[in-house]
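K.L.:
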Amino acid sequence: MSHNANSKRPAPDKELVALARYTCSSKVGDAKAYTHARYCLIDALGCALEALGTPECTKLLGPIVPGTVVPHGAKVPGTAYALDPIKAAFDTTCLVRWLDFSDTWWAGGHPSDNLGGILAVADHLSRKQLAAGAKPLLMRDVMTAMIKAYEIQGVLAESNHFDRPATALDSTILVKIASTAVITHLMGGNVEEVTNSLSNAFVDGHPLNIYRMAPNSGSRKSWAAADATARAVWLATLTMRGEMGYPTALTAKTWGFYDVLYPKGSLEVRTPYKCRVISDIQFKISVPAQRHSQTAAECAMRLHPLLKNRIEDIDRVVLECHSHTIRMISVEGPLPNFAARDHCLQYVVAVALIDGDITTESYEDAHAADPRIDALRKKMVVKENKHFTDDYEARHGNGNAIQVFFRDGTKTQRIAIEFSVGDPRRRSEGVPLLEKKFRGNLARRYAKKQFDAVYALMTDQKQLEATPVNEFMDLLAL
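Take 56 as the starting number for the sequence shown in my numbering and just add one per residue.
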């Protein structure tokens, strides 16, 4: 009996083709989506500028071989670097993501992780095209690519939980998928080429989620997305040089992605790909911390005025949250580095209760040495609130509640917040704070003349959309 494989090339997996057709479609966003793309751009670049003050991040930046000069090199915001687009993608995404202060999606992940690859490729292509006498890409093209990347990553994240224990892969697999698709299209790829490129992205090995989970939490979580975007640029480059794809990369028996890595056996898509994700994105405005701790931090900061002179009198702190918060960031015991601290609910709450605020410096060793923080962590009781758990899926809430009990038998009121200030339901309250956050981050890096020029352009929707990408990136460079 013969067991020879059939060598006839099959039709590509329908999931890959659907992604490619969406990516290559010309009209994907309404005016609201483009406005939110500008908000996302403002926020991501502000986060990048803030991260430039962190040596652990900046040591990873720059050319792989020092002194390398790249023709038509892509600029890295806030620096003097002009790099090949693969390394520029890594560096920009690394800066955006490092402090865990960038935008997030209710189902997990950070869609702004895709920005590094999009900007690097758009900048490089613009400089290359100008040198050849052609027109550069415009920032509207960047925003269109952002809308598509956000949508791909966000829609797939809603029903395909790669970072849950059943699969245990890192969520940046979706950054690689989304970035590979839109970058291939930016390079001129058609539906067939984007399909080929996506197949290679799925064929890749994918990172484990271990560096986000105690006791192995570490700084790789801050450059994992950078690695994904850089890989996406590489795969797109190979595809546009004519490299082949693998049509049943997902569904092939024994050897395909589903059989090898995804026991669920299919990519589920809840809604058609449009522009919903970027319009409903959640910003981190109050504090740089994991998304499930955002409302907890707000609760704690509200309680701070009542506690600032009574920290030693606290008997216990009761934290109510949804089940995903407990699974992902409720951590007891030692927290050896900043990456462990900003992913610990109890640490975030303790700092907010004691200081009334949380900054990126709150996670550094010097601040963590304050003995009051760990003493207060030990007094915390974390329990599931079933309403918050149900609301997480039903309304994409991210609720937390805090109540503090004192040794003398008195207690504070119970403070509960279901939607953070960066949630779309609080957009009118959040946008002015988002712009304030951006101004503060611009001031970290730029003198007044450059500050004014960047801020004026990035708060003018029409002018920004019409700006050539290379001019935009030159404006951000030092």
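From the three backbone atoms N, C-alpha and C, an ideal C-beta is built for every residue, glycine too.
Small disclaimer: the values here were computed from a predicted structure and weren't measured.
1) According to the Cβ coordinates, are Val524 and Pro191 closer than 7 Å?
2) For Leu435, which beta-bridge partners are listed by DSSP?
3) Residue range of the alpha helix (DSSP H) that Ile409 falls in?
4) Taking only runs of the beta strand (DSSP E) that begin and end inside the stretch 302-385, which ones reach a length of at least 3 residues, in chain order?
5) Below 8 Å on the Cβ atoms is my contact criterion, and I expect Val249 with Ala344 to pass it. Report the Cβ-Cβ distance as a whole number of Å.
6) Pull up the distance between the alpha-carbon of Asp168 and that of Leu519, whole angstroms please.
7) With three or more beta-carbon pairs closer than 8 Å as the criterion, would you say the stretch 349-366 touches the stretch 311-331?
8) Which word fits Ser57, buried or exposed, when buried means at least 16 other C-beta atoms lie within 10 angstroms of its C-beta?
9) Looking at C-alpha atoms only, which residue of Ser348, Phe443 and Leu374 is the closest neighbour of Arg469?
10) What's the C-alpha gap between Lys114 and Val246?
11) Does Ala351 pass the burial test, meaning 16 or more other C-beta atoms within 10 Å, or should it be called exposed?
12) CB-CB under 7 Å to Val459, same chain, minus the five flanking residues each way: which ones, in chain order?
13) Straight-line CA distance for Trp161 to Val125?
14) Would Thr113 pass as an interface residue toward chain D - the criterion being a Cβ-Cβ separation below 7 Å?
15) According to DSSP, is Gln458 part of a helix, a strand, or is it coil?
16) Three or more C-beta pairs closer than 8 Å, one from the stretch 249-268 and one from the stretch 215-230: is that the case here?
17) Where DSSP assigns a beta bridge to Ile472, which residues make up the other side?
18) Tell whether a beta-carbon distance below 7 Å holds between Ser378 and Thr284.
19) Is Leu138 helix, strand or coil when you go by DSSP?
20) According to DSSP, is Leu253 part of a helix, a strand, or is it coil?
21) Would you mind working out which of Ser157, Ser62 and Pro140 sits nearest Ile97, comparing C-alpha positions?
22) Are the Cβ atoms of Asp196 and Met528 separated by less than 7 Å?
23) Select from Leu107, Val288 and Gln184 the residue whose C-alpha is nearest the C-alpha of Thr139.
24) Any idea if Ala44 is buried or exposed, counting beta-carbon neighbours within 10 angstroms, 16 or more meaning buried?
25) Nearest CA to the CA of Ser62: which residue from Cys95, Ala307 and Tyr89?
26) Using DSSP with H/G/I as helix, E/B as strand and the rest coil, what is Ala129?
27) With a threshold of 16 other CB atoms inside 10 Å of the CB of Leu71, please say whether the residue is buried or exposed.
28) Buried or exposed: where does Ile119 fall if 16 or more other Cβ atoms within 10 Å of its Cβ makes it buried?
29) Note down, in chain order, each residue of its chain lying with its Cβ closer than 7 Å to the Cβ of Trp278, except the 5 sequence neighbours on either side.
30) The alpha helix (DSSP H) with Ala423 in it runs from where to where?
P.N.:
Straight from the coordinates:
1) In this structure, Val524 lies near Pro191, with their beta-carbon atoms less than 7 Å apart.
2) This sequence places Met at residue 435; Leu is not what is there. DSSP output for Met435 lists Val372 as bridge partner(s).
3) First-last of the alpha helix (DSSP H) with Ile409: Leu400 to Asp410.
4) Taking only runs of at least 3 residues, the beta strand (DSSP E) segments lying wholly in the stretch 302-385 are 369-376.
5) No, Val249 and Ala344 are not in contact; Cβ-Cβ is about 36 Å, not under 8 Å.
6) Distance between Asp168 and Leu519, taken at the CA atoms: about 21 Å.
7) Under the 8 Å Cβ criterion, the stretch 349-366 does not count as touching the stretch 311-331, having fewer than three qualifying pairs.
8) Confidence is the limiting factor: at Ser57 the pLDDT is only 45, short of 50, which leaves the residue's position unreliable, though a coordinate-based value still follows. That one is exposed.
9) Selected option, being the one with the closest Cα: Leu374.
10) Between Lys114 and Val246, the C-alpha separation is close to 38 Å.
11) The residue in question, Ala351, is buried, as its Cβ has 16 or more Cβ neighbours within 10 Å.
12) Excluding sequence neighbours, Val459 sits near Leu358, Leu362, Ile369, Val372, Lys466 and Thr467.
13) For Trp161 and Val125, the distance between alpha carbons rounds to 39 Å.
14) Note that chain D does not occur in the displayed structure, where there is just one protein chain.
15) Assignment of Gln458 by DSSP, reduced to helix, strand and coil, places it in the strand class.
16) When Cβ pairs closer than 8 Å are counted between the two stretches, the stretch 249-268 is seen to touch the stretch 215-230, the count reaching three or more.
17) Ile472 pairs with Asn455.
18) Against a cut-off of 7 Å, the Cβ pair of Thr284 and Ser378 comes out as no contact.
19) Strand at Leu138.
20) In the three-state scheme derived from DSSP, where H, G and I count as helix and E and B as strand, Leu253 is classed as helix.
21) Here the closest residue by C-alpha is Ser157.
22) No. Outside cutoff.
23) It is worth fixing the name first, because residue 139 is Asp in this sequence and not Thr. Residue Val288 is the option with its Cα nearest to Asp139.
24) The chain is shown from 56 up to 533; residue 44 falls before or after that span and cannot be answered.
25) Measuring from the Cα of Ser62, the nearest candidate turns out to be Ala307.
26) In this structure, Ala129 counts as strand in the three-state DSSP scheme.
27) Around the C-beta of Leu71, 16 or more other C-beta atoms lie within 10 Å, and the residue is accordingly described as buried.
28) Exposed.
29) The answer, listed in chain order, is Leu115 and Cys149.
30) In the DSSP assignment, Ala423 falls within the alpha helix (DSSP H) that extends over Asp420 to Ala423.
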